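**Q** Residue numbers (this note's numbering): 728 to 1240. Glycine included, every Cβ here is placed at the ideal spot set by N, Cα and C. Predicted model, so just to flag it, every value in this text is computed and none were measured. Have a look at this one before I ask anything.
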Ligand code: GLU
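Next comes the structure, spelled out in structure tokens:
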């Protein structure tokens, strides 16, 4: 199918109305929106663009081929899941810079190869469900999957056998014990697939009748597809070290075989070998973020559109990650950060914001529970800045009075908007708009996003809300307007914007009409 770029998009790009647009402007817009030149959707489009020389005219633009041009269209129409990706990335950079000061924790030392890793390395990679990507720091340095392979092993087992058969052999409850504890649940099964016993069980369920080389090759291919086509590496030294120091994993496998937890005819030695090999596969933060985005995207790789996992596989896996993915810190992490994540002793946390994006945060120093100290802090800061905690949308739900609500009928959106405005999270507001929600909404007390942004002094959010045409002087139940709030909290820039003074933007003034 050949689709063509619509002329209305060209007109939006041609800001000066000269009838031509510089190629560099279009490429710059793509880069700013987080689309990298190695994105397979852009390969043909970039070649076409560069082949045109410096300027593009409307006919040439119309002939840009699918799917690259549709990305340009979605940028122009602000339809991407993170519309202002540049600002979003800046916030991530700020969080990265602050978190980098944390030197707490120690690198894992149970095998020498992990103990020798440079502890100061720190990489953060993000990939949205639209395939917008940002990388900060050490995102191309390989590290081994270790425990972060567990969601992939579990998902592969689910794809092979289905939920019912997989859960004949593994439970779904947090264990309340350390990840490699020699313990099974009341019916003699591993507690869940995110601890060692459960992951060894998952390994036993993946193509058990094939030779080891075929099993490993199939699993590597799966990781390649889920990472957007980038083949992972393998660390042979770590594999041998893992195998030589694996008394506990051998003990777990023997215990599970003794109580009949495995499917009949399981060869535990082959199973363990497969598990050690999988733990020793190498990836990078960049590639793991794409894999995380595939989970966020319901099992479809954002850049290639390839479905790797069924929706129900992803749903099950994210549920397990949410309740059990962070070792003994899982409950606390679900409470404080509130997103599905999987941690590993190599210092990575793979985190998933369903329907928005995936992240990989890697820094080798870990705490006593096995989680990367910087990665945990980074994620805590991210949810304090953005609206990503699973239950952020419920903030102030008890205050709802449907009689007083303005245009929006979506309660979650209302409270997401109010929360985002109060934290200065302009990206979430833009996302709500992209999804068709109105920002002209209020809570039980008549407090609007504009009240909250004004009270907290977020001038950029105030400007943005006004540009969206929200009511300019709404009164809350105490009769206060956003300007009153700004005055009370002495936010000069907001006062200036809202009182129509010197700095009042045209947009604010128009919205005031
Ligand atoms: N290979 C490690 C083991 O099985 C995984 C450790 C981890 O990342 O939790 O003990």
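(1) Am I right that residue 1192 and residue 1180 are in contact with their C-beta atoms under 8 Å? What's the rounded C-beta distance?
(2) Have a look at residue 866 and residue 817 and give me their C-alpha separation to the nearest angstrom.
(3) Taking 6 Å as the limit, name every residue whose beta carbon sits nearer than that to some heavy atom of ligand 1, in sequence order.
(4) Need the endpoints of the beta strand (DSSP E) that residue 753 sits in, please.
(5) Within 10 angstroms of its Cβ, does residue 969 collect 16 or more other Cβ (buried), or is it exposed?
(6) Opposite residue 1034 in the DSSP bridges: which residues?
(7) Are the CB atoms of residue 827 and residue 1101 nearer to each other than 9 Å?
(8) Kindly confirm or deny that the segment 1055–1070 and the segment 793–813 touch, where touching means at least three C-beta pairs closer than 8 Å.
(9) Using 9 Å as the threshold, is the C-beta distance between residue 1145 and residue 1108 below it?
(10) Return the chain-ordered ranges of every alpha helix (DSSP H) run that is complete within the segment 1049–1113 and spans a minimum of 4 residues.
(11) Tell me, please, which residues DSSP counts as bridged to residue 864.
(12) With contact counted as at least three CB pairs below 8 Å, one residue from each stretch, are the segment 923–942 and the segment 1058–1078 in contact?
(13) In this structure, does DSSP put residue 960 in helix, strand or coil?
(14) Is residue 1047 helix, strand or coil by DSSP?
(15) Exposed or buried, what is residue 804 when buried is set at 16 or more other beta-carbons lying within 10 Å of its beta-carbon?
(16) What number of angstroms, rounded off, separates the C-alpha of residue 965 from the C-alpha of residue 1007?
(17) Name the two residues that bound the continuous beta strand (DSSP E) containing residue 1010.
(18) Quick one: is residue 1190 buried, meaning 16 or more other Cβ sit within 10 Å of its Cβ, or exposed?
(19) Thinking residue 1024 and residue 856 are a contact (beta carbons under 8 Å), I'd like their distance in whole angstroms, please.
(20) Among the candidates 1034, 777 and 905, whose CA atom is the shortest distance from the CA of residue 976?
(21) Hey, would you say residue 979 sits closer than 9 Å to residue 933, going by beta carbons?
(22) Determine which residues share a DSSP beta bridge with residue 1208 and list them.
(23) Does at least one heavy atom of ligand 3 sit under 8 Å from the Cβ of residue 1074?
(24) Taking Cβ to Cβ, would you say residue 920 is nearer than 9 Å to residue 982?
(25) Closest to residue 898 by C-alpha separation, out of 1068, 1044, 1170 and 1152, would be which residue?
(26) Three-state secondary structure (DSSP) at residue 833?
(27) Counting beta carbon pairs with one atom in the segment 846–860 and one in the segment 1085–1092, are three or more of them shorter than 8 Å?
(28) Beta carbon of residue 788, beta carbon of residue 748: below 9 Å?
(29) Look up residue 871 in the DSSP assignment and give the residues it is bridged to.
(30) Cβ of residue 1249 within 9 Å of Cβ of residue 1067?
(31) Compare the C-alpha of residue 1152 against each of 842, 810 and 741 and name the closest.
(32) Quick one: Cα of residue 1221 to Cα of residue 1215, how far?
(33) With residue 1155 and residue 1143 assumed to form a contact (beta carbons below 8 Å), what rounded beta-carbon distance in angstroms separates them?
(34) Counting only the same chain and skipping the five closest in sequence on each side, list residues whose C-beta sits under 7 Å from that of residue 1049.
(35) Is it the case that the Cβ atoms of residue 885 and residue 930 are separated by a distance below 9 Å?
(36) Using a 10 Å radius around the Cβ and a threshold of 16 neighbouring Cβ atoms, would you call residue 1199 buried or exposed?
**A** Per the coordinate set shown:
(1) Going by Cβ atoms, the distance from residue 1192 to residue 1180 rounds to 6 Å, so yes, they are a contact pair.
(2) Residue 866 and residue 817: Cα-Cα distance of roughly 17 Å.
(3) Answer in sequence order: 873, 874, 906, 907, 923, 969, 976, 1006, 1071, 1072 and 1097.
(4) For residue 753, there is no enclosing beta strand (DSSP E); the residue is part of the alpha helix (DSSP H) that begins and ends at 750–759.
(5) Residue 969 should be labelled buried.
(6) BP columns for residue 1034 point to 1027.
(7) Yes; because the gap between Cβ atoms is below 9 Å, this pair is in contact.
(8) No: the two stretches stay apart, fewer than three of their Cβ pairs being nearer than 8 Å.
(9) In this structure, residue 1108 does not lie closer than 9 Å to residue 1145 by Cβ.
(10) Runs of alpha helix (DSSP H) with 4 or more residues, each lying fully within the segment 1049–1113, are found at 1057–1063 and 1100–1112, listed in chain order.
(11) Per the DSSP secondary-structure output, residue 864 pairs in a beta bridge with 850.
(12) The segment 923–942 and the segment 1058–1078 do not touch, with fewer than 3 CB-CB distances between them shorter than 8 Å.
(13) Three-state result, residue 960: strand.
(14) Here DSSP, grouped into helix, strand and coil, assigns residue 1047 to helix.
(15) If you draw a 10 Å sphere on the C-beta of residue 804, you find fewer than 16 other C-beta atoms in it, and that means exposed.
(16) In this structure, the CA atom of residue 965 is about 6 Å from the CA atom of residue 1007.
(17) First-last of the beta strand (DSSP E) with residue 1010: 1008–1010.
(18) Within a 10 Å sphere around the beta-carbon of residue 1190 sit 16 or more other beta-carbons, which makes this residue buried.
(19) Right, their Cβ atoms sit about 4 Å apart.
(20) Comparing alpha-carbon positions, the option among 1034, 777 and 905 lying closest to residue 976 turns out to be 905.
(21) Against a cut-off of 9 Å, the Cβ pair of residue 933 and residue 979 comes out as no contact.
(22) In the DSSP output, where bridge partners are listed per residue, residue 1208 has none listed.
(23) Absence of ligand 3 is noted for the structure shown, with ligand 1 being the only ligands found.
(24) Contact: no.
(25) Considering only alpha carbons, the answer is 1044.
(26) Correct three-state label for residue 833: strand.
(27) Yes, the segment 1085–1092 is in contact with the segment 846–860.
(28) Going by C-beta atoms, residue 788 is nearer than 9 Å to residue 748.
(29) Within the DSSP secondary-structure output, residue 871 pairs in a beta bridge with 1009.
(30) Since the displayed the chain opens at 728 and closes at 1240, residue 1249 lies outside it and no answer follows.
(31) Looking at the Cα atoms, 810 is the closest of the given residues.
(32) Approximately 11 Å between the Cα atoms of the pair.
(33) With a Cβ gap of about 6 Å, residue 1155 and residue 1143 count as contacting.
(34) Shown here for residue 1049: same chain residues with a beta carbon closer than 7 Å to its own, the five before and five after excluded, namely 1061 and 1067 in chain order.
(35) Contact: no.
(36) Buried, since its Cβ has 16 or more Cβ neighbours within 10 Å.
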